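Novice:
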Amino acid sequence: MKKKLLFIILLLLLSLVLMACTQNDTDESETEDPENEVEEPAESEESSEEEIPTFNEEQAKEVLQDYRDTFMSVIENTEDDGALTDYDSKEALKEEFMTIMSEELADSYVAQYFEEDNGRVNVVPTEAPVWFDEEKDFSFEQVNDSEYEVTQEQSNELIGNVRMIYVITLADDSWIVSEVRSENLNEENNQNGQEDDQASSDENNSDNNQETDTAEITAATAEDLVKEELNISENSDIHVVMDHQNDDGNFVVQVYELVSNGETSHTATIGWYIVDQADGTVEEM
C-alpha cells in the first residue's frame, strides 16, 4: 500500500514538472513571436529631409552689413603706399571674400579693386561698390526657398540715381551675397520724359534756329548743350545725364561711362557740369 501511494505521489510530481516546462516553453515562444514584437515607427520622409532655414528682412540686413564690413576691413588695413597688410596674394583675398560672397562676385571684386605685384596686393584707386543703406527704404522679395532679392534706390552726385539689387542665396548652410546689379534710373526717367521735354521745348521755341540764350533751358536741352560742349555724339557710349538742379536753379549734369566687370557694373565719372538755366552757359564743376 505504501509503495502504491509513493508511486502515485511521484506521478503527481512528474506531472507538475512537465506542466511547468510546457508553460515556460509557451512563454518563450510568445516572447520570440515576431508578430507580437512592437515595431518602432519608421522615421517619416519629411523629417529625414533637410529643412531650409528661414530668412527674413533683419537677417538680410545683417548679411549685407557683413558683406560691406568684410570688403571695407580689407581696404582699411593698408600701408601708406596702398599695399594690403593681411594678404599677399589675390587668391588669399578671394578666399576671404568668399566667406560672405559667391565665387563669381569675389572674383569680380578682386579683379576690379586690387592688383598683385611682386608678392604684394595693392588697392586700385577707384569708386567703392554701392553699399546697402540701412537707413533708407528697401524692398525684400523671396525668389525661391534659397534665394532672396533686396532692392533699394540710391542717389548721389557720384552714382546718380540708381536702383541697386542685392541677391542673397543660401550656400553651405550660410547666407551670402551672390550677385549685385544696378539699374540707372536717370536713363529711365529721361526716356519717359524725353518726349514731354521736347514738346515743351518746341512749344516755347517757335524758331528752331533761335539763339540758345533766348530759349528756355530744360533738362533735355541742358544735356544737349553739354554734349555739344564736349563733342559727344548721339551714338557714343558716354552717358550725359541731368542729375538735379542746384539752389540757383541751374542744371547739374553728370558725364560718365558704365564699366562692366563680370556680373557687376559701376559708373566711372568723367566730369560734372553746370548749365546756366538762363543763358545755357556750360561750366565744369
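Those letters in the sequence shown? Residues -20 to -1, 1 to 265, by mature numbering (1 follows the signal peptide of the UniProt record, and there is no 0). All C-beta atoms, glycine included, are put in the ideal place defined by N, C-alpha and C. Note that this is a predicted model, so its numbers are computed, not measured.
#1: Tell me the DSSP secondary structure of residue 110 in three-state form.
#2: How is residue 262 classed by DSSP in three states: helix, strand or coil?
#3: Suppose you measure from the CA of residue 253 to the CA of residue 105; what does that come to, to the nearest Å?
#4: Give the DSSP-derived three-state secondary structure of residue 216 in the structure shown.
#5: Which of helix, strand or coil does DSSP assign to residue 162?
#6: For residue 144, report the span of its beta strand (DSSP E) as first-last.
#7: Could you check whether residue 147 and residue 163 sit closer than 8 Å to each other, using their CB atoms as the reference points?
#8: At which residues does the alpha helix (DSSP H) containing residue 77 begin and terminate?
#9: Taking the C-alpha atoms as reference points, what is the distance between residue 60 and residue 120?
#10: Can at least three beta-carbon pairs, one atom from the segment 195 to 210 and one from the segment 219 to 229, be found at a separation below 8 Å?
#11: When the distance is taken between beta carbons, is residue 62 closer than 8 Å to residue 98?
#12: Using 8 Å as the threshold, is the C-beta distance between residue 266 and residue 54 below it?
#13: Does the beta-carbon distance from residue 82 to residue 133 come in below 8 Å?
#14: Determine the direct distance from the alpha carbon of residue 260 to that of residue 157, and round the result to whole angstroms.
#15: CB-CB under 6 Å to residue 80, same chain, minus the five flanking residues each way: which ones, in chain order?
#16: Please return the same chain residues whose Cβ sits closer than 8 Å to the Cβ of residue 90, not counting the five positions on each side in sequence.
#17: First and last residue of the alpha helix (DSSP H) that includes residue 92?
#18: Kindly indicate which three-state DSSP category residue 55 falls into: helix, strand or coil?
#19: So residue 136 and residue 165 are in contact, right, with Cβ under 8 Å, and what is the actual spacing, rounded?
#20: Could you tell me which of 153, 226, 218 sits nearest to residue 35, measuring between CA atoms?
#21: Under DSSP, the alpha helix (DSSP H) around residue 201 begins and ends at which residues?
#22: Quick one: Cα of residue 116 to Cα of residue 207, how far?
#23: So what does DSSP say about residue 253, is it helix, strand or coil?
#24: Just the Cα atoms here: how many angstroms apart are residue 37 and residue 87?
#25: Return helix, strand or coil for residue 267, following the three-state DSSP convention.
#26: Whole-angstrom Cβ separation of residue 138 and residue 249, contact assumed at under 8 Å?
#27: Ignore the nearest five residues each way along the sequence and tell me which others in residue 39's own chain have a CB closer than 8 Å to its CB.
#28: If you count every other CB in all the chains shown that lies within 10 Å of the CB of residue 109, and 16 or more means buried, which is it?
#29: So is residue 144 buried or exposed if we call it buried at 16+ other beta carbons inside 10 Å?
Specialist: Looking at the atomic coordinates:
#1: coil
#2: strand
#3: 23 Å
#4: coil
#5: strand
#6: 140 to 151
#7: no
#8: 70 to 77
#9: 40 Å
#10: yes
#11: no
#12: Because residue 266 is not part of the residues shown, which for the chain are -20 to 265, the question remains open.
#13: no
#14: 45 Å
#15: 46, 47, 50, 156
#16: 70, 73, 74, 77
#17: 83 to 93
#18: helix
#19: Their Cβ separation, rounded to whole angstroms, is 12 Å, which puts residue 136 and residue 165 out of contact at 8 Å.
#20: 153
#21: 199 to 210
#22: 33 Å
#23: strand
#24: 27 Å
#25: An answer regarding residue 267 cannot be provided, because it is not within the stretch -20 to 265 covered by the chain.
#26: 6 Å
#27: 155
#28: buried
#29: buried
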